[in-house]
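In this note's numbering, the protein residues as written are 1011 to 1158. Take a look at the structure set out below.
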């Protein structure tokens, strides 16, 4: 019962880093946690438990090693759920999708998140600004409310 009340009165975002440079993670944490942007005042909070999450925010290109774990995390999030691909790497694979040659890395990068799980919102940028992240979260909250 407490979980149902909490899910109705707040939006919980789970941040998952699947590879890349970590720049988008920093911007998400800045957007949510910093006193300047402070998404928590609007009852948008970070969680590290998929069973509490409403929105799965994925940063970085999806690697073959992380593909299975990403699917498991997605499945563990209760319905209704939304997925946001944050940053160029999460949308297309970014520069990591084109690695090859002597590095041999291109066979380890699947690409964007949409190749593994369904995506509801793409937030472009390298990295995206905290303002863009806030705007995207605000735009998908009505979708989440409509699914509830």
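Where is the CB? At the ideal position from N, CA and C, for every residue including glycine.
- Beta-bridge analysis with DSSP links residue 1055 to 1022.
- In this structure, residue 1074 keeps its C-beta atom at 9 Å or more from the C-beta atom of residue 1142.
- The three-state secondary structure of residue 1121, taken from DSSP, is strand.
- About 20 Å separates the beta carbons of residue 1036 and residue 1063, which is beyond the 8 Å limit, so they are not a contact pair.
- By the beta-carbon neighbour count (other beta carbons within 10 angstroms, threshold 16), residue 1041 is buried.
- Between residue 1023 and residue 1054, the C-beta gap is smaller than 9 Å, which places the two residues in contact.
- Taking C-beta separations shorter than 7 Å and ignoring five residues to either side along the sequence, the partners of residue 1103 in its chain run 1071, 1119, 1121, 1122, following chain order.
- Taking every protein chain shown into account, the CB of residue 1128 has fewer than 16 other CB atoms within 10 angstroms, so this residue is exposed.
- Separation of residue 1045 and residue 1039 (C-alpha to C-alpha, rounded to the nearest whole angstrom) is 11 Å.
- In the three-state reduction of the DSSP assignment, residue 1067 falls in the strand class, which pools E and B.
- Cβ-Cβ distances below 6 Å link residue 1069 to 1027, 1034, 1035, 1096, 1097, 1100 in the same chain, with the five nearest sequence neighbours on each side left out; the list follows chain order.
- Taking all protein chains in view, the Cβ of residue 1052 is surrounded by fewer than 16 other Cβ atoms within 10 Å, so the residue is classified as exposed.
- Cβ contact annotation for residue 1020 (same chain, cutoff 8 Å, sequence separation greater than five): 1053, 1054, 1055, in chain order.
- Distances from the alpha-carbon of residue 1060 to those of 1047, 1067, 1083 put 1083 closest.
- Judged by beta-carbon spacing, residue 1131 lies beyond the 9 Å limit of residue 1155, meaning their Cβ atoms are not closer than that value.
- In this structure, residue 1144 sits near residue 1049, with a CB-CB distance shorter than 9 Å.
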